[in-house]
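S.K.: Position one of the sequence shown corresponds to residue 487 (my numbering), numbered consecutively onward. Just so you know, even glycine gets a beta-carbon here, dropped at the ideal spot from N, CA and C. Keep in mind it's a predicted model, so treat the numbers as computed, not measured.
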Amino acid sequence: MPDSHRVYSYTAVLMGSPILLKLFSHDEALASRVFRLIKQYEDLLTVNRAHSQVMNINHAAGQHPVAVSRPVFDLIRCAKAASQMEDSAFNLAIGPLVKRWKIGFKGDAVPPADEIAALLNITHPADVVLDEASSSVFLTRPGMEIDLGAIAKGYIADRVRDLLRKEGVELGLINLGGNIQTLGSPEGGWRVGLKKPFAEDALIGTMTVENRSVVTSGTYERYFEQNGKRYHHILNPRTGYPLDNELDSVTIVSKDSIDGDIWTTLIYGMGVEKGCAALRSRPDIEAIFVTKTKEVVISSMHHFRFTLLDDSYRITGSTV
Ligand code: FAD
Ligand code: MG
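1) Going along the chain, which unbroken runs of the beta strand (DSSP E) with 3 or more residues stay wholly within the region 636-705?
2) In the DSSP assignment, find the unbroken beta strand (DSSP E) run with K585 in it and report its ends.
3) Should G593 be counted as a contact of the ligand FAD given a C-beta to heavy atom distance under 7 Å?
4) First and last residue of the beta strand (DSSP E) that includes V783?
5) In its own chain, which residues sit with a C-beta less than 6 Å from the C-beta of V646, not counting the 5 before and 5 after it?
6) Please list, in chain order, all residues of the same chain as G590 whose beta carbon is under 6 Å from its beta carbon, the five residues on each side excluded.
7) When you compare each of Q526, L765, T497, P557 to A517 by their alpha carbons, which one comes out closest?
8) Would you kindly work out how many angstroms separate the C-alpha atoms of L531 and D633, rounded to a whole number?
9) Check each residue's C-beta against every heavy atom of the ligand MG and list, in chain order, those closer than 7 Å.
10) What is the DSSP secondary structure of F790, reduced to helix, strand or coil?
11) Enumerate, from N- to C-terminal direction, the unbroken beta strand (DSSP E) stretches of 3 or more residues contained entirely within the region 494-577.
12) Would you call the region 525-541 in contact with the region 549-561, where contact means no fewer than 3 C-beta pairs closer than 8 Å?
13) Is it the case that the CB of P628 approaches a heavy atom of the ligand FAD more closely than 7 Å?
14) Just checking, does the region 639-659 make contact with the region 612-627 on the three C-beta pairs under 8 Å criterion?
In structure tokens form, the structure reads like this:
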């Protein structure tokens, strides 16, 4: 039986991110299996190294299809579907622009406008051609690159949850650097902090959840400044420049973390009003917007509680 008073934390650095696993029993062996699983997915999906299944697809752009393992194929199919939703800000083929901007990596700087315009031509989701039967992916134009940075951590968080569940774990939490997935309900629920933008470890408030994922995308984690202007890592697939709107961050509370990861990007592109309107048809997905004017807008709150800690922020409900 889990001892509900004692939490054991295990940490690692994977996918360029601090990883935190919380269990209610001391189990080094299980923690190692969790970190190995994350590493296996990183090795399949990364675009930050020369070789992975996704990089094999990218290297063959404009040349030939590449057969990949079923989980990689299914994740790419899911990312393509999100990219082809109406007015979607999500684009799995954004890779050439991500690589050119290098935001959050050494050498980041604003690229010349004509280079951005040229790269936009090789970022069309429709040019990612999938073949179900052979589980293969073909990027039809030379220079194209798939980037799963906005979805892979969510997918992996769900696989960690599945492994923990299979091993009989009743209470647990995995944090993949902003992507949190939880199992069960410790006394009082899991308290997850909502970070205050550009303020190190300060919190705006906390969300309390049970059996839910909490994913945050913000402009304050990966960015650089040039001539007094800030450039963050979520790119507008239509302009090729960072998305510019009233938001500092979006947090999604959902059952599956993959939905949270996809929807943070989708909602980031929509902004507060359109985002709240879109979520009215998705009661399973709830959003917490943090605006640059220090408002916390909550689309709905059926599956979590929110506690405000910083009174320089105001909570407002959905505006639609
Ligand atoms: P999200 O908002 O969910 O996604 C933003 C990221 O998605 C961007 O960083 C970019 O990669 C991509 N993107 C930008 N605009 C769009 C768009 N419009 N549509 C779709 N995607 C977009 N970081 C390191 O520093 N070093 C590493 O070695 C490293 N390896 C990684 C390996 C894997 C398998 C993964 C999944 C991530 C890795 N990362 C690494 C982190 C990665 O570079 C991204 O910063 C991270 O995935 C962003 O996650 P997020 O939840 O903060 O942002
Ligand atoms: Mg995302």
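M.R.: Well, looking at it:
1) 658-661, 665-669, 676-681, 689-695, 699-704
2) Taken as a continuous stretch (DSSP letters only), K585 belongs to no beta strand (DSSP E), being part of the alpha helix (DSSP H) at 581-587.
3) no
4) 781-784
5) V520, I660
6) R708, H719
7) T497
8) 9 Å
9) A636, I637, G640, V701, S703, D747, I748, T750, T751
10) coil
11) 494-500, 503-509
12) yes
13) no
14) no
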